[in-house]
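If you count by my numbering, then the sequence shown holds residues 6 to 247, one letter each, in order. All C-beta atoms in this analysis are idealised placements derived from N, C-alpha and C, irrespective of residue type, glycine included. The structure appears below as structure tokens.
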Amino acid sequence: PIIFCTIVSGISHARDAAKIGRVALTALLYFECVSTLALGVGLGVANLVGPGRGFRAAPEEPAVQRYTTQAANHSSRDFVLHIIPDTAVGAFADGDILQVLFFSVLFGFAMMRLGDRADGVQKLIDDVANIMFGVISIIMKAAPIGAFGAMAFTVGKYGVSSLGSLLAAVLVFYLTAACFVCVVLGSIAACARFNLFRLLNYIRSELLIVMSTTSSEAAMPSLLVKLENLGCSKPVVGLVVP
């Protein structure tokens, strides 16, 4: 619901299909290039350092087999066709993010074409988005309990020695992420002529929330507001951030 409401709200406020198309294409190309680069850096560091070595954990074979079978039989054509949901309700019921995104974009463009006649629905969606942000904020207050439970389960099942390998993996991850931010994102920021570190300092609260909860949804409400206060247009923020 949060992704749906945010994207629909962003598109419907634009009232300019050409602008939305340019923003979406630019964002897609940027995400694809940066994500591919991040994936390559992550794989390289993981193979070089091997942070999981020494962690003796036998995976659940049936669960692993299910994912490997799906990956082996999943072609590019199947991936594209899978984006189109059988029903709108099914996309939300299954929790398939790509299908929800596809339906959200269609719904947003349909609202944009209606113009002023869709103002009532637009206000309703904005209100639902604000309510869902409040719900997520309440739920995320229990995130420390969930983190404690996950750590307790790991120690109870694999022993105290597992904490050493886990700590090494966490340290390698954050060091690699810091290097990626400084080098890659810093270079992009320099090309775009803005100070990356001033931006990171401006959204430091949201970064801490994401790091502690491993969920970007918890930080999304305040992040949207801060980006709009910086001068980013609501349609661009609503389309790109989710």
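How about residue 13 and residue 113: are their beta carbons less than 7 Å apart? Counting from one through the sequence shown, the residue named residue 13 turns up at place 8. Counting from one through the sequence shown, the residue named residue 113 turns up at place 108. Yes; because the gap between Cβ atoms is below 7 Å, this pair is in contact.
On the premise that residue 233 lies in contact with residue 242, defined as a C-beta separation below 8 Å, what is that separation, rounded to the nearest angstrom? Residue mapping note: residue 242 aligns to position 237 of the sequence shown, counting from 1. Residue mapping note: residue 233 aligns to position 228 of the sequence shown, counting from 1. Yes, they are in contact, since the Cβ atoms of residue 242 and residue 233 sit about 6 Å apart, within 8 Å.
For chain D, is any of its Cβ atoms less than 7 Å away from the one on residue 238? Reference to chain D is not applicable here, since this structure consists of a single protein chain.
Can you give me the start and stop residues for the alpha helix (DSSP H) that residue 11 sits inside? As a position in the sequence shown, residue 11 is number 6, starting the count at 1. For residue 11, the enclosing alpha helix (DSSP H) begins and ends at 7-19.
Only counting the same chain, and skipping five residues up and downstream in sequence, which positions put a Cβ closer than 7 Å to that of residue 201? Reading the sequence shown from its first residue, position 196 is the one you call residue 201. Contacts found: 190, 191 and 194.
For residue 108, which residues from the same chain have a beta carbon less than 7 Å from its beta carbon, with the 5 sequence-adjacent residues on both sides left out? On the sequence shown, residue 108 is found 103 positions in, with the first residue counted as 1. Around residue 108: 90, 93 and 96.
Do residue 222 and residue 25 have their CB atoms nearer than 7 Å? What you label residue 222 is simply residue 217 of the sequence shown in a count that begins at 1. What you label residue 25 is simply residue 20 of the sequence shown in a count that begins at 1. No, the pair does not count as a contact, with Cβ atoms beyond the cut-off.
Reduced DSSP secondary structure (H/G/I, E/B, other) of residue 205: Locating residue 205 in the sequence shown gives position 200, where the first residue counts as 1. In this structure, residue 205 counts as helix in the three-state DSSP scheme.
Among the candidates 216, 127, 180 and 18, whose CA atom is the shortest distance from the CA of residue 51? Here residue 51 refers to the residue found at position 46 of the sequence shown. Nearest option by C-alpha distance: 180.
What's the C-alpha gap between residue 159 and residue 153? Taking the sequence shown and counting its residues from 1, the one referred to as residue 159 is at position 154. Taking the sequence shown and counting its residues from 1, the one referred to as residue 153 is at position 148. Distance between the alpha carbons of residue 159 and residue 153: 10 Å.
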